[in-house]
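Each residue of the sequence shown is one higher than the one before, starting from 52 at the first, in the numbering used here. We put the CB at the ideal spot given by N, CA and C, even for glycine.
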Amino acid sequence: IKSLEAQIKKDSEITKKQFEKEILDGKLNQVLAILDQKTLWKGIPDESKLKDTLKLKISNIFNSKKSLKKDTKNLFNFSLLESTNILNLLENLTSNISKLDKGSKEFDKISDKLNQIETALSNAPNDDEIGPLISNLNNLHKEQGMIINEIEHLERKITTQNTYLKIKNSKIRNIVADQYKDKNAGTQARLATEVQKVLDEYILKLKEKKLQLLEVYLLEELQRLLHKENLITKVTIDKESFEITLYDKDENAIPKDLLSKGEQQMFATGVLLALAKTSGKPLPFMIDTPLARLDVSHRDNMIEKFFPYASHQVVIFSTDSEISEKYYQQLLPYLSRSYAMEYLPGKGKTKQHLGYFWNEKGERIVAV
């Protein structure tokens, strides 16, 4: 990255040195004319100040050095605005990743507090002691939601900036290819290759950061959904094959085929949740027969920790034996709408009912 910044500044100095030559005088005027075009600054905040800053930097660079060989040429020959945007983009990406890591750690702390309070609530002897805990729990839930929103905002920002970086990277590739055709550009081509290598390394590191974030989210979801405490204490994802490896508290790898059917379903559910969080985008869930292979503990975890918080929109296709009257009452505060399907033998068809098999009082209203 430092090599890229140095080369861009060097190009600007070369352009200044060649200003006194007639042919390069025209080139400089073209650059200044491009910087004055309004379309170039479309969508860029504070464009007047940034434009004036760039024009001043260009003038300073042209005045900084006097000696230059006649056959010396610019390597990239694109505008200083584009160069500045690339450098700012790299700096912003590093800053946003740092904020994302900080937000993730803060999210972990709040999640630990929530778990402690939920444990205390389950053992609370009376309403007087439960009241303050519930109030504190609600406040922590709100704070947790704000942190999740901030993390999602940073992830979307990183995705946008990464796309912009890829576009500029493609432009640099084309410029480097053109430079190889110029017999006088041997040195510049070598520098361009080094610049390309730096950009490729940065993209690789960004990919590794995403995988690390996915590992963190997956471990959080597995520890939240699995009822066996400390069954899985570490998760790694191979950056080439993307194979997921689970580890116990002794750092021993856990073969996935040794997991029970219910644990395997919890693992698959955790992967979906972790991918959704890492993407930074709201993804709807559609789940068919969600509790069929799960024991009671895993069913309770799905009802309490997955369905209400999985996404902004969750559609569940369940039988009355899966989402029972008890579970339905637990999910009721989070439901937007419920339907029940009743088969009518005499008519040979199925009738749709608005509402589930039970009403809010626990009375069955639809026969199966």
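Quick one: give me the first and last residue of the alpha helix (DSSP H) that residue i is part of.
i: MET435; result: In the structure as shown, the chain begins at 52 and stops at 419. Residue 435 is therefore absent and cannot be evaluated.
i: ASP351; result: 347–352
i: GLN88; result: Per DSSP, GLN88 belongs to no alpha helix (DSSP H) and is neither H nor E.
i: TYR360; result: That residue, TYR360, is in no alpha helix (DSSP H); it is neither H nor E in DSSP.
i: TYR378; result: 376–382
Would you list the one or two residues that DSSP bridges to residue i?
i: TYR298; result: LYS285 and ALA304
i: PHE336; result: VAL365
i: ARG415; result: TRP409
Are there 16 or more other CB atoms within 10 angstroms of the CB of residue i, so buried, or fewer, so exposed?
i: ILE354; result: buried
i: LEU270; result: buried
i: HIS423; result: Here the chain has residues from 52 to 419 only, and residue 423 is not among them.
i: PHE357; result: buried
i: GLU314; result: buried
i: ILE223; result: buried
i: TYR268; result: buried
i: GLN316; result: buried
i: LYS412; result: exposed
i: ARG415; result: exposed
i: ALA84; result: exposed
i: LEU395; result: exposed
i: ARG207; result: exposed
i: LYS261; result: buried
i: THR329; result: buried
i: ALA361; result: buried
i: GLY397; result: exposed
i: GLY196; result: exposed
i: VAL347; result: exposed
i: HIS363; result: exposed
i: PHE158; result: buried
i: GLY399; result: exposed
i: LEU277; result: buried
i: LYS116; result: Residue confidence is low: LYS116 scores 48 on pLDDT, short of 50, so the model does not pin down where it sits. Its coordinate-derived value is still stated next. It is exposed - the Cβ of LYS116 has fewer than 16 other Cβ atoms within 10 Å.
i: ASN190; result: exposed
i: LEU326; result: exposed
i: GLY94; result: exposed
i: LEU297; result: buried
i: LEU383; result: exposed
i: LEU462; result: In the structure displayed, the chain extends from 52 to 419; residue 462 sits before or after that span and is not available.
i: LEU386; result: exposed
i: GLY182; result: exposed
i: LEU255; result: exposed
i: ILE148; result: buried
i: LEU107; result: exposed
i: ILE209; result: buried
i: GLU280; result: exposed
i: ILE185; result: exposed
Give the range of the beta strand (DSSP E) segment to which residue i is assigned.
i: LYS400; result: 400–405
i: TYR390; result: 390–395
Please decide whether residue i counts as near chain B, where near means a Cβ-Cβ distance under 7 angstroms.
i: PHE158; result: Absent from the structure: chain B. Only one protein chain is present.
Per the contact definition of three or more C-beta pairs closer than 8 angstroms, is the region 259–278 in contact with the region 308–327? yes
Check whether the region 408–418 and the region 368–382 touch, using three or more Cβ-Cβ pairs below 8 angstroms as the test. yes
Should the region 389–399 be regarded as contacting the region 298–316, the criterion being three or more beta carbon pairs within less than 8 angstroms? no
Segment contact flag, the region 214–222 with the region 151–167, C-beta cutoff 8 angstroms, min 3 pairs: no
Assess contact between the region 336–344 and the region 366–376, defined as three or more Cβ pairs (one per stretch) separated by less than 8 angstroms. Is contact present? yes
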